[in-house]
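Q: In this note's numbering, each residue's number is its place in the sequence shown (first place is 1) plus 1005.
Ideal placement from N, C-alpha and C gives every residue a C-beta, glycine not left out.
Can you keep this structure in mind? I'll have questions shortly.
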Amino acid sequence: MRRYRSVFFSSLLLAAITFVAYRWADLLQLSVRAYTPLMASVSITPGERLPGLTTQVVMVVVSGVSYRETVVQDMPIWQSLADVGAAAPVQVRPPAYWPSVWTTILSGAGNELNRAPLLLPNAGSTFDLKIDNVLVAAKEAGLRIAAATSADRAPLFRSAAPDTAYFAQGDAGEIDAQIVEAALGFIAERHYHLVIVHLGLPEAIGQQYGTSGPAYRAALRQVDSYVRQIVRQMNLGESVLLLTSDGALLSDGRPAGGQNNPPTLPLVMVGQGIVTGEYSPVRLDDIGPTLAALLGTRLPVMAEGCPLFDMMQLQGEALARSWLLLATQRVAWAQAYLQALQQSASQELLQQDLHVAASSFRRGNNPGAVAAAQLVSKEAAAVATIARNTRIEAERWPRMVLLAIGVMAPLLVFWIRRPARLGVVLVAALTAMAVSHILYGLNGQDFSFAALSNITGYLGMPLMRDVLIGLMVGSVIVLFGFLSVPPPRWQVALTVTGDYTLFVCYIAALPALVAYWQHGAWITWYLPDPLMLALQTLALHHLVVLGIASLPLPWLLGLVMWFRERRRAQASGRARGWDPIAYLRR
């Protein structure tokens, strides 16, 4: 039995690797679903109301449309509004699925802090806005809100119910028509300060037929006609129309929010007090504070963005007061963030600069107040960023030791053991991994956050197929390596194949180990780099499939070699038993 000891040890190690990888992948997925921001339990005192710019804002949010579509597709009304209003592409940070995008639009908080689901909600699951937002601020200011959306967006308004709401159900084409009809009625009544409209036809058609066909283009034209109806109902001399999107689609209809670089979204504002022009890219976080500035509410306390003052006709005291209130909110936010991080960074400079801005405003030095407030806002963001990075780096150092052990220990064991046919094992293992990843790319997959939302998609049967093909290609190389080994080759096949499977698992585990060093075993208090998270997820599922497939592989190859040698021995025995010139030997 001693000759089989290494094979049994390899099998036990493979079983342990499979179990650990499975549990790790499961806990990683759970951490994505249950992610809770660091500042979830921190309270911030709300600030004062902004001066305001208009008496009514109509915000139209279209699903399944990127900035590029609004520029190159046949959408003449949208494009003409962009020409006479303020237009800019909106940059989003992944993951950017519609629950997170909507929450960011209404709260101004990015996906790391807005407490929205990171993935698309499962069927039947419910969620709502768990963070301070423009709707709450508008309610506090006594403003009236109306919403006309599809039923799947209704949970967004559970915590801050509008004064009037219409949630449409039915066929995709009928839903948008019903929503627009309801929205036109809300606008015509003239006593709603904020009207929220959601149009989902492009998303529904794009998911069914893709975004390159005539059906999707027809859906965009239909949305354009709905926008025309809304514009005709509005008085743009006394109100503002804001057009944007809650997510783009890939060419095959999948949501693009899980990509490492999601497509930019459109933003168009036209109406009272809006400065015409085509602007440089803005952040999604800026839309929520911009809504607050347009309506004259206070800023959401967790807002990370900045109102787009460049697009508004704010001057003098109104502009200075708006910047001062923004700087005050940013300082309060930074203080709360440092408190949540349990860091005692000095905030005296922030308070001093904020005092300078307030003093300038009281003395009537509006340009000086604006400049000082802008400086304070930048300093507050920098303080929070430095504190975040400092804690992340401090947590990485202990994991560096474990990474070194995880990388070097297997190599040291391989070097001490000096297994037979080591060169063949290395070449076969590298080939197996290369084939698996080439097939991964040929299947149209990439290393993005979308992998976590597609556990039953590519990470199911397609992953098994690609891993098994790669493992079999490597096994063929191992088999050819046995041909130069003297008999009995089947015993060597057992041990060498066991070493081969272990080395393949070692290579597959390296991305997971590096990701562990970068951000830990799973998501904790911050959102890690989506690329590293995707590599970690793929590596763990890769390990599970490899471990299961590798358990019987040494015995299968050993059995193949045993049958091959047995047949050769039988053929050799028959050849020796027949003597064609036996009569001459007598």
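#1: Give me, in chain order, the residues of the same chain whose beta-carbon lies closer than 6 angstroms to that of L1299; leave out the 5 immediate sequence neighbours on both sides.
#2: Given a cut-off of 8 angstroms on the beta-carbon distance, is the pair P1271 and L1241 in contact?
#3: May I ask you to report which of helix, strand or coil DSSP gives I1150?
#4: Any idea what DSSP makes of G1178, helix, strand or coil?
#5: Work out the CA separation of A1377 and L1408 for me, nearest whole Å.
#6: Could you compute how far the alpha carbon of V1501 sits from the alpha carbon of A1026?
#7: Looking at C-alpha atoms only, which residue of S1349, Q1340, T1295, A1325 is the closest neighbour of S1364?
#8: So, using beta-carbon positions, are A1153 and A1182 closer together than 8 angstroms?
#9: Helix, strand or coil: how does DSSP classify Q1212 here?
#10: If you count every other CB in all the chains shown that lies within 10 Å of the CB of A1514, and 16 or more means buried, which is it?
#11: Assign L1457 to one of two classes, buried (16 or more other C-beta atoms within 10 Å of its C-beta) or exposed (fewer than that).
#12: When the distance is taken between beta carbons, is F1454 closer than 8 angstroms to L1543?
#13: For S1015, report the span of its alpha helix (DSSP H) as first-last.
#14: Between which residues of its own chain and A1592 is the CB-CB distance below 7 angstroms, once the five residues before and five after are set aside?
#15: Using DSSP's beta-bridge definition, name the partner residues of I1201.
#16: Roughly how many angstroms separate the alpha carbons of L1416 and R1098, rounded to a whole number?
#17: Using only the alpha-carbon positions, how far apart do S1105 and N1116 sit?
#18: Excluding sequence positions up to five away, which residues of its chain have a Cβ less than 6 angstroms from the Cβ of R1233?
#19: Identify every run of the alpha helix (DSSP H) within the stretch 1394-1420, keeping only runs that are complete inside it and at least 4 residues long; order them along the chain.
#20: Hey, could you find the ends of the beta strand (DSSP E) M1274 is sitting in?
#21: Does the contact criterion of 3 or more C-beta pairs under 8 angstroms hold for the stretch 1506-1513 versus the stretch 1427-1443?
#22: Kindly give me the distance between the Cβ atoms of A1308 and S1048, rounded to whole angstroms, as I take these residues to be in contact under 8 angstroms.
#23: Can you grab the Cα-Cα spacing for the pair H1203 / I1192, in whole Å?
#24: Can you grab the Cα-Cα spacing for the pair Y1463 / A1030, in whole Å?
#25: Which residue marks the beginning of the alpha helix (DSSP H) containing F1366, and which one marks its end?
#26: Sorted by chain position, which residues of the same chain lie with C-beta nearer than 6 angstroms to I1201's C-beta, five sequence neighbours on each side aside?
#27: Would you identify the three-state DSSP class for E1053, choosing helix, strand or coil?
#28: Can the beta-carbon of D1137 be found closer than 8 angstroms to that of P1312?
#29: If contacts are defined as beta-carbon pairs under 8 angstroms, then I1528 and S1036 qualify, I think. What distance do you get, rounded to the angstrom?
#30: Could you check whether A1339 and A1389 sit closer than 8 angstroms to each other, using their CB atoms as the reference points?
A: The short version:
#1: These residues qualify, in order along the chain: L1058, T1059, V1062, V1245.
#2: Against a cut-off of 8 angstroms, the Cβ pair of L1241 and P1271 comes out as no contact.
#3: In the structure shown, I1150 sits in a strand (DSSP, three-state: E or B).
#4: Three-state DSSP puts G1178 in a helix.
#5: Using only the alpha carbons, I get a separation of about 46 angstroms.
#6: Their Cα atoms are separated by approximately 23 angstroms.
#7: Of the candidates S1349, Q1340, T1295, A1325, the one whose C-alpha sits nearest the C-alpha of S1364 is A1325.
#8: With contacts defined as CB atoms closer than 8 angstroms, A1153 and A1182 fail to qualify as a contacting pair.
#9: Correct three-state label for Q1212: helix.
#10: With 16 or more Cβ atoms within 10 Å of its Cβ, A1514 is classed as buried.
#11: Residue environment: L1457 is assigned as buried (16 or more neighbouring CB atoms within 10 Å of its CB, all protein chains considered).
#12: No, the pair does not count as a contact, with Cβ atoms beyond the cut-off.
#13: Run containing S1015: 1010-1038, per the alpha helix (DSSP H) assignment.
#14: Nothing can be reported for residue 1592, as the shown portion of the chain is limited to 1006 through 1591.
#15: In the DSSP assignment, I1201 is bridged to M1064, A1152.
#16: Roughly 38 angstroms separates the two Cα atoms.
#17: Their Cα atoms are separated by approximately 6 angstroms.
#18: In chain order, I1082 place their CB closer than 6 angstroms to the CB of R1233, counting only its own chain and leaving out the 5 sequence neighbours on each side.
#19: Correct list: empty.
#20: For M1274, the enclosing beta strand (DSSP E) has its first and last residue at 1270-1276.
#21: Verdict: yes, contact present.
#22: 15 angstroms between Cβ atoms; not a contact.
#23: So the alpha carbons of these two residues sit roughly 14 angstroms apart.
#24: Residue placement at Y1463 is poorly supported in this model, since its pLDDT is 49, which falls under 50; the coordinates still yield a value, given next. Cα-Cα distance, rounded: 15 angstroms.
#25: Boundaries of the alpha helix (DSSP H) around F1366: 1353-1367.
#26: Taken in chain order, the residues that qualify are M1064, A1152.
#27: Coil, per DSSP.
#28: No, the pair does not count as a contact, with Cβ atoms beyond the cut-off.
#29: Indeed, because the Cβ distance is near 4 angstroms, the residues count as touching under 8 angstroms.
#30: Going by beta carbons, A1389 and A1339 fall inside the 8 angstroms limit.
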